[in-house]
Amino acid sequence: MPIAPTKTVQIKITAPKPIAEQLRAIAEARGMPLSQLLLQAAIDISILRTVMLSNLLMICRDRSPY
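The numbering used here applies: residue 460 is where the sequence shown begins, and numbers increase by one.
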């Protein structure tokens, strides 16, 4: 799907060269652009964090004497 140029934002990510090379290799092995790999990782981390916080809140609520 084409992306409208007026709705895009450029983000620059700086990483040490060995890490950048590893990330490029992973992206290439998965058949996706590096930018897509990084975006997907950010989304996955955000979802994981949300689930973990939700679980922690449920545990705290279950143990609360109130």
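Each residue gets a CB set at the ideal place from its N, CA and C atoms; glycine is no exception. Here the structure is a predicted model, which is why all the values come from computation and not from measurement.
Item: Coarse secondary structure for residue 505, derived from DSSP in three states; Value: helix
Item: Residue of 470, 469, 468, 497 minimising C-alpha distance to residue 482; Value: 497
Item: Contact with chain D by residue 488, beta-carbon distance below 8 Å; Value: The structure shown contains no chain D, having only a single protein chain.
Item: Rounded straight-line distance, which links the Cα of residue 524 to that of residue 494; Value: 47 Å
Item: Nearest residue (CA-CA) to residue 486, options 499, 474, 476; Value: 499
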